[in-house]
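Sequential numbering from 694 applies to the sequence shown in the working numbering.
From the three backbone atoms N, C-alpha and C, an ideal C-beta is built for every residue, glycine too.
Taking it in order: structure first as structure tokens, then the write-up.
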Amino acid sequence: MFSSSPAQAPSPLAPDVTLVPLAAHAKAQGVSAGSLARRARRGQIEGATLIASRWYVPDPTPTATVAAVEVQTDPGLSLPEPPV
Numbered sequence: 694m695f696s697s698s699p700a701q702a703p704s705p706l707a708p709d710v711t712l713v714p715l716a717a718h719a720k721a722q723g724v725s726a727g728s729l730a731r732r733a734r735r736g737q738i739e740g741a742t743l744i745a746s747r748w749y750v751p752d753p754t755p756t757a758t759v760a761a762v763e764v765q766t767d768p769g770l771s772l773p774e775p776p777v
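This is the structure:
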């Protein structure tokens, strides 16, 4: 999905893939951004994409899907009468 966050870019690969900047991904993993940039240039990072001279990688966090849940109410229950 497209995100309005300035730290994320829409993916040119698929509409449901969110790309994050390589530096943010490196920081989350505790490694240097330079080492991941070298790996991206060598094609060692799957899904790494170069956009406007910056590397982006697919967001590693899974996206949550929300399923529609039907609300069931007990017909015997009613709201209390409002005070007058």
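The beta carbon of Asp-752 lies closer than 6 Å to those of Thr-711, Val-713 in the same chain, with the five residues before and after it left out. A residue is called buried once 16 or more other Cβ atoms fall within 10 Å of its Cβ, and Leu-772, having fewer, is exposed. Residue range 742 to 744 is occupied by the beta strand (DSSP E) that includes Leu-743.
With respect to the 8 Å criterion, Ala-726 and Ala-719 are classified as neighbours on the basis of their beta carbons.
Leu-770: not part of any alpha helix (DSSP H); DSSP gives it neither H nor E.
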